[in-house]
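Okay, structure coming up:
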């Protein structure tokens, strides 16, 4: 059995404070991602899940700073890497897709050239060699009429197609790890289903591991093998997905699942009041900060 | 966060009140009459204890002329810009909110105003009305509203689809009430900054018109005609141009800082709750 | 539990929408022709007193346009909308003040729903003043009451919107919708922009208010979990038309139209992982003989042309679906 692809240990992110202890956004976050695995990180806004992902890519903006921790990838610490080598890695071995593809795509460049640029940048191909590869990449993400669409500008595409283009760019160099930060939050449910299926199929085929970040428990349940639940900057529970959803242990996870109006629950449970997470748990209570974690490979 | 906006407001307020107080209390601050005390024997004197800013080529006291000139320049600057802002905001608000043919009309008018240099337009009006303070106010107040209008209109276009504007409509607010209570307070920032820049522009435009003999008739002092009077002797009698120039500078700077400060002060998000 | 799950035919609906059409021109480029978008094509809806009816669909299906038309914010091309028996448009329509007291709306985005330059107290008391509550003390009293009703404190009236969280702002938006005492409230994606824990609180609040004050809701949503949880009736909208309509139980446990089925099947649902009983839909029913479900959902809906004729057919006691004969 090979080791983890990415091993994050004690990641702490915050805003340094000259006159006292830093304000911590993420505290002592540790988890690992196995090669080819889909790992889910779920939490509400402000839980620190996105800041953690951006830290791995070296993309957090000041004053947000990585204060402590390691993220070991192939023997290198991503968090201690020079900007130059990080840039080389980014988009090549580790790539990222965002919630709103429009902000990540250049509005003034044709999408074909934007994808081709990935091959030029990371594979050293000439533009004339890269262009047909870009069309291939578009075909791989099931964009209809890839040749024609390669000449389109981002604003001419629907939201779902734009996200496919982003995926094509992210997967162009067959990365080891794809970080997907709320990749389908801006999409309609039927489009979301297609995009999620595409991510899963592509990553399975290429052996790419995925760090899927979402607030949507449904998306996480559908996609992931293992799940970490974050709240108030800490990892609260780290379990196999099935174990987490059938038998949540941490009060926060329990509250989160009870607060969700689940499709199909009314026929059996009636029109009940949803659990009020803030009433049910006291985030300041001493017990709350104790993380419930289970090692990988627990019996479900 | 709190420090810089305090600084803007305080400094702006200080400079503007300095100029306004100087204008209002001019007779108490100087013993010299700005027009009648022409003493050719004492012309072109450098600044001294008796003449703080020196004297001009006709021997008049520059300090008292700057003070009295402030009355003219400030009145024209503030009143003309008030007229401009009112026109610009009214047209921009209504055009942006109502849209349709009215928007087309206002847009056409704005483009027309932007196509003709406002000074040329003002010149034409002055030529018809003849020189004088009232004509100046009309000429400068009707010709420089297009930017206020543009800014207001585009801000309104993006604000009118916001939930609170829609909610106001469903709550039964009339159009005028929505414009005044929901839209106007949210565009006051850029409009105020625009207005303070406009005051400076109006002061300069007054100078230009006076220079062309269409503004304030000499010998009555205004900063504009002081500058133009003294421009030929700028090398030998620099104080006669430096001090009115400085007055224009201080006034424009003061209003700009004041505009920034007031904008921040009006924004509830910039306030720190104790 | 709402008693209105058994609608009595005698009761007058609080909201009635009949054959609503909304078309608007979309400016093409300089050389392109102006296109007509057929946003809403013949929508029929009724909300009985005390009921919550949900209009479900994806972006661009016309559900929000329908909501705006009901609120008087988007003039319909044809059709009739009545609230408490009074037409919203045309002859006999109440003036804007009277209309405001009939129906109100809660918007999706908690951040743009409040005027950043107005205190909460002013945002709530201004409408009262406009509607003839001249007494200052009475206004303050009613503002305090409505703030309490939505779970906030009367002291909050002196604050500005930026001092509140997203969930609190949504509460204020609800208070504003209730301040004039309308019986019908349109909820336009009321919880889509909120976190799971806040979402649950707002849903609970809406259900409590409905029960305590006897409110009727028309909820616009794409979130089927929320819709199933709170609705008495559900109408599924696709390409400007309602394709399926019925009681919540009929629509969610025996969905007939392929579009409804696709919506329910594609929603990511944790229950599927935990082996909940509802993970698998019952087999799709056959359309009534001699018909097929309409419109087909294979390709993207065409909205620049009016839809082809179709009919709405009963397939159960309280369950209708759109089909095409032949």
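Chains as they are written, first to last, in the numbering used here: chain C, 12 to 311; chain W, -8 to 265; chain P, 12 to 337. In this text, a Cβ means the ideal position worked out from N, Cα and C, and glycines have one as well.
Mind checking residue i: buried by the 16 CB within 10 Å criterion, or exposed?
i, result
"residue 332 of chain P", "buried"
"residue 200 of chain P", "buried"
"residue 126 of chain P", "buried"
"residue 215 of chain W", "buried"
"residue 119 of chain C", "exposed"
"residue -5 of chain W", "In this predicted model, residue -5 of chain W has a pLDDT of only 48, less than 50, meaning its place in the structure is not dependable; the value taken from the coordinates is given anyway. Label assigned to residue -5 of chain W: exposed."
"residue 59 of chain C", "buried"
"residue 86 of chain C", "exposed"
"residue 178 of chain W", "buried"
"residue 280 of chain C", "exposed"
"residue 109 of chain P", "exposed"
"residue 228 of chain C", "buried"
Can you check whether the C-beta of residue i is within less than 7 Å of a C-beta belonging to chain C?
i, result
"residue 124 of chain P", "no"
"residue 162 of chain P", "no"
"residue 273 of chain P", "yes"
"residue 235 of chain P", "yes"
"residue 279 of chain P", "yes"
"residue 117 of chain P", "no"
"residue 207 of chain P", "yes"
"residue 239 of chain P", "yes"
Taking 7 Å as the threshold (beta carbon to beta carbon), is residue i in contact with chain P?
i, result
"residue 256 of chain C", "yes"
"residue 233 of chain C", "yes"
"residue 229 of chain C", "yes"
"residue 201 of chain C", "yes"
"residue 270 of chain C", "yes"
"residue 153 of chain W", "yes"
"residue 191 of chain C", "no"
"residue 163 of chain C", "no"
"residue 267 of chain C", "yes"
"residue 204 of chain C", "yes"
Could you check whether the Cβ of residue i sits closer than 7 Å to any Cβ belonging to chain W?
i, result
"residue 230 of chain P", "no"
"residue 36 of chain P", "no"
"residue 120 of chain P", "yes"
"residue 213 of chain P", "no"
"residue 294 of chain P", "no"
"residue 25 of chain P", "no"
"residue 45 of chain P", "no"
"residue 333 of chain P", "no"
DSSP has residue i in a bridge; who is on the other side?
i, result
"residue 330 of chain P", "P:257 and P:327"
"residue 29 of chain P", "P:91"
"residue 225 of chain C", "C:53"
"residue 154 of chain W", "For residue 154 of chain W, which the question treats as bridged, DSSP gives no partner whatsoever."
"residue 230 of chain C", "DSSP, once it has assigned bridges, lists no residue as partnering residue 230 of chain C."
"residue 81 of chain C", "C:20"
"residue 304 of chain P", "P:334"
"residue 197 of chain P", "P:116 and P:229"
Residue i CB to nearest chain A CB: under 7 Å?
i, result
"residue 194 of chain P", "Absent from the structure: chain A. Protein chains present are C, W and P."
Kindly confirm or deny that the region 107 to 125 of chain W and the region 171 to 184 of chain W touch, where touching means at least three C-beta pairs closer than 8 Å. no
Touch test, the region 293 to 307 of chain P against the region 242 to 255 of chain C, Cβ-Cβ under 8 Å, three pairs minimum: no
Between the region 175 to 204 of chain W and chain P, which residues of the former have CB atoms less than 7 Å from a CB of the latter, in chain order? 176 and 177
Within the chosen definition, does the region 233 to 240 of chain P reach the region 272 to 279 of chain P through at least 3 CB pairs nearer than 8 Å? yes
Does the region 148 to 156 of chain P come within contact of the region 113 to 124 of chain P, defined as at least 3 CB pairs closer than 8 Å? no
Name the residues in the region 155 to 172 of chain W whose C-beta lies less than 9 Å from a C-beta of chain P; which are they? 155, 156, 157, 158, 159, 160, 161, 162, 163, 164, 165, 168 and 172
Listed in chain order, which residues of the region 273 to 291 of chain C have Cβ atoms closer than 8 Å to some Cβ of chain P? 273, 274, 275, 276, 277, 278, 279, 281, 282, 284, 285, 286, 287, 288 and 289
Segment contact flag, the region 116 to 136 of chain C with the region 192 to 209 of chain C, C-beta cutoff 8 Å, min 3 pairs: no
Give the residues from the region 83 to 111 of chain P that approach chain W closer than 9 Å (Cβ to any Cβ), ordered along the chain. 83, 84, 106, 107, 108, 109, 110 and 111
Would you list, in chain order, the members of the region 320 to 331 of chain P that have their beta-carbon closer than 9 Å to a beta-carbon of chain C? none
At a Cβ cut of 7 Å, what residues of the region 48 to 67 of chain C count as close to chain P, listed as they run along the chain? 55 and 56
Would the region 231 to 243 of chain C and the region 34 to 53 of chain C be scored as touching if the rule is three or more Cβ pairs under 8 Å? yes
Of the residues that make up the region 161 to 187 of chain C, which ones have a beta carbon closer than 8 Å to any beta carbon in chain P? none
Would you be able to state if there are at least three C-beta pairs under 8 Å between the region 9 to 26 of chain W and the region 40 to 60 of chain W? yes
Relative to chain C, which residues along the region 45 to 72 of chain P have a C-beta separation below 8 Å, given in chain order? 69 and 70
What are the residues of the region 132 to 151 of chain P that lie near chain W, defined by any Cβ-Cβ distance shorter than 8 Å? 134, 137, 138, 141 and 142
Interface residues of the region 171 to 201 of chain P facing chain C [CB-CB below 9 Å]: 177
Cβ contact (3+ pairs, closer than 8 Å) linking the region 136 to 155 of chain W and the region 71 to 88 of chain W: yes
Chain-ordered residues of the region 255 to 269 of chain P with a beta carbon less than 8 Å from chain C: 259, 260, 263 and 264
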